[in-house]
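Numbering (the numbering used here), first residue to last: 90 to 409.
The beta-carbon is built from N, C-alpha and C at its ideal position, and this holds for glycine as well.
Below you'll find the structure, written out as C-alpha cells, and then a few comments.
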C-alpha cells in the first residue's frame, strides 16, 4: 500500500516508525508543518515527524498552507492509496479529500464521538474520566466527524498526567493504524457513522484554563493539575505573584479532620500540619501541596516554600 504520512508532533512518531518498518507499506512522502522558532533562542526547529522521516531517508514536504495549489499538486503527484494524518495541525480542504483511493485516515486520541477537537487527552483527564481510547477514522470536511473504522479502549492511570497518557496512547495507536490500513485494503472494515447526539468536545487549551479555582473540590483541582501538564499547568497567585502548584487530594477522612482544624476558613487558605503544607478547597476538601514554583524561580518542596515565605495565619492562594 502506497502511503503519504501527514503529521507533526511526537504523538505521530510511533505510527510513522511502525509503518516504515512494515514491508507491505510504502511511505511515498511525509508532509509536516514548516520549521518553527522554538525555545528561548527562537531557532528554527524541525518537527519530530520531519526528524524521523529524514532519518529514514523519506522525502519531506513542508507547505506553509496545505490548501495551496502547489501542495495539492504534490499530493496528486505522490498518488497515494491512502493518506495517514495524525495531529498535522491544519484543516484539510474538502477538495483534497478524494485524492487518496482509501481516504485520509486519522488516529484520534479519544473514543469518538466523545472528545472531538484539539485536546482530547487533556480534557479526558480534567473531566475525571477513568477510561479513554483511540479511534481510527476517515476524515471528512468537518472537525472529527468522519466515519469510524477501529477503536481501542484503555484505562487512565489514577495519577497519570497528560504527557504520560499521550506517550502511552501514541505507542498503542501505531499497531491500530496498521491494522486499520490492512483491513481497509482487504475490504474487511465497514466504516461506522458517529452518533452526533453523543458528541462532546475538547477545545484547544488556553492559558486561562490553568488558573486554579479553589472553590472546586480538591479532586477536581488535582484532575486539572494532571490534565493541564505541562501547559498551561495549574497556577494561582500568592502575595501578588503567579505560581504553579502541584499536589494531591487528601482522603475524605483526612480532609474532614484537616478542614475542621482550619476553622471554616475560605477556599485557598494555606495551613501547615506536621511539616506538611495543605490548602483548603471547595466542599471542605483539602489538597496536600507537593511543589510550588513562584514565577521566575525554581520549583521547591512545599515545606521549603512555607518556611521561606514565613506564612501568616489565614494567608491564601489566589489572593490577588
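Can you tell me whether DSSP reads residue 252 as helix, strand or coil? helix
With 16 other Cβ atoms within 10 Å as the buried cut-off, status of residue 426: Only positions 90 to 409 of the chain appear in the structure, and residue 426 is not among them; the question remains open.
Should the segment 267 to 279 be regarded as contacting the segment 313 to 330, the criterion being three or more beta carbon pairs within less than 8 Å? no
Buried versus exposed call for residue 248 [16 or more other C-beta atoms within 10 Å across all chains shown]: exposed
For the alpha helix (DSSP H) holding residue 335, just list the boundary residues, first then last. That residue, residue 335, is in no alpha helix (DSSP H); its beta strand (DSSP E) goes 330 to 338.
Nearest to residue 306 by alpha carbon, out of 339, 226, 263, 388? 339
If you measure between the beta carbons of residue 143 and residue 93, is that distance less than 8 Å? no
Local conformation of residue 139 per DSSP, three classes: helix
Just to confirm, is the Cβ distance from residue 117 to residue 91 under 8 Å? yes
Same chain, Cβ closer than 7 Å to residue 390, neighbours up to 5 away in sequence not counted: So the list reads 380, once near-sequence residues are dropped.
Reducing DSSP to helix, strand and coil, say where residue 212 ends up. For residue 212, the secondary structure class from DSSP, reduced to helix, strand or coil, is helix.
Can you name the start and end residues of the beta strand (DSSP E) that residue 358 belongs to? Residue 358: not part of any beta strand (DSSP E); DSSP gives it neither H nor E.
Applying the 10 Å Cβ sphere with the 16-neighbour rule, what's the burial state of residue 279? exposed
Could you tell me the alpha carbon to alpha carbon distance between residue 234 and residue 195, rounded to whole angstroms? 11 Å
Judging by CA-CA distance, which residue of 366, 344, 302 is the nearest neighbour of residue 408? Answer by Cα proximity: 302.
Spatial neighbours of residue 293 in its chain, beta-carbon cut-off 8 Å, leaving aside the 5 residues before and after: When the five nearest sequence neighbours on each side are left out, the beta carbons in the same chain lying within less than 8 Å of the beta carbon of residue 293 are those of 206, 207, 208, in order along the chain.
Can you give me the C-alpha to C-alpha distance between residue 104 and residue 175, rounded to a whole angstrom? 9 Å
Taking the alpha-carbon of residue 57 as reference, which of 215, 190, 376 has the nearest alpha-carbon? A question about residue 57 goes unanswered here, because the residues of the chain that appear run from 90 up to 409.
Can residue 223 and residue 261 be called in contact, C-beta distance under 8 Å? yes
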